[in-house]
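Presented below is the structure to which this report refers.
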Amino acid sequence: MILNINGKDCEAKSSQNLEELILELKINAPHFAVALNYQVIPKSQYKSTTLKEGDKIEIVHAVGGGI
Numbered sequence: 001m002i003l004n005i006n007g008k009d010c011e012a013k014s015s016q017n018l019e020e021l022i023l024e025l026k027i028n029a030p031h032f033a034v035a036l037n038y039q040v041i042p043k044s045q046y047k048s049t050t051l052k053e054g055d056k057i058e059i060v061h062a063v064g065g066g067i
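Residue numbers for the sequence shown follow the numbering used here, so the first one is 1 and each next one is one higher.
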């Protein structure tokens, strides 16, 4: 299935939901957020949020810092 992830078309080989996609992409950042088709999805819903061809996914992670 082809998904648009962070603005690039990518093939998800076996992922059927957001939880599986995060594992497939090997994302291990401690703090990150996922938006599916412009809606932020709570981590508690990753497993129950199914993916379909052409979905737009944005994955961002928090970066600390300051002066």
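Glycine included, every Cβ here is placed at the ideal spot set by N, Cα and C.
Secondary structure at Ile57: strand, using DSSP grouped into helix, strand and coil.
Secondary structure of Lys43 (DSSP, three-state): helix. Rounded to whole angstroms, the gap between the alpha carbons of Lys43 and Gly65 is 24 Å.
A distance of 8 Å or more separates the beta carbons of Ile41 and Asn6. Here Leu36 carries a strand assignment [DSSP, helix/strand/coil].
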